[in-house]
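Okay, so here's the structure we're looking at.
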Amino acid sequence: MTSTEPGIAMPEIGRREALGAAGVAACGLALAGCSGGAKAEPVQSIKGKVLAKTADVPVGGGIVVQQYKIVVTQPAKGVFKAYSAVCTHKGCAVGSPKENVITCNCHGSQFAADSGKALKGPATTPLMAYQVKVVGDGVVVA
Ligand code: FES
């Protein structure tokens, strides 16, 4: 049986629809820039893990550790913080901090890199914080 048989209507999928479907699939896999449903990594599953090397986390900035969905910041020299990278608005992945501000590009929420506190909505609740410590040259979940 093929779609060219009389009496069987098969919808054609255009290039735009196909690309849209691919985008949805990629969204579900990659998290970044997607809305809805992502959950923060449970502390007990990452306790003792090295999130990043201290040298890789810029002062006043930070990095997103995709593997754990955690953003590691260094708001002041030698001070390291870590938060869930899952936005408290609708679950998008936040971006790397700049000038001590963590921004979610989905709807523009901003969070303080030194506390995780919501600075600008629509998010109103802080990013979930993780306790971290420096061990050797690594930032480790305490
Ligand atoms: S999901 Fe982050 S601002 Fe909406």
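First residue of the sequence shown: 138, per our numbering; consecutive thereafter.
For each residue, glycine too, the CB sits at the ideal point set by N, CA and C.
- In the DSSP assignment, Gln181 falls within the alpha helix (DSSP H) that extends over 180-183.
- For ligand 1, no non-hydrogen atom lies closer than 7 Å to the CB of Ala177.
- In this structure, DSSP gives Thr191 a helical state, which the three-state scheme calls helix.
- In the DSSP assignment, Val272 falls within the unbroken beta strand (DSSP E) covering 269-272.
- When only Cα atoms are considered, Cys241 and Ala249 end up about 12 Å apart.
- Cβ-Cβ distances below 8 Å link Ile200 to Ala189, Asp193, Val194, Val208, Val209, Ser233 in the same chain, with the five nearest sequence neighbours on each side left out; the list follows chain order.
- Taking the Cα positions, Gly228 is about 24 Å away from Gly197.
- In this structure, the straight-line span from the alpha carbon of Leu264 to that of Asn237 is close to 14 Å.
- For Gly199, the secondary structure class from DSSP, reduced to helix, strand or coil, is strand.
- If you look at Ser221, you'll find it in the beta strand (DSSP E) that goes 216-221.
- Taking 8 Å as the upper bound for CB-CB distance, Ala279 and Val269 are in contact here, some 6 Å apart.
- Within the same chain, no residue comes within 6 Å of Gly245 by CB-CB distance, once the 5 residues on both sides are set aside.
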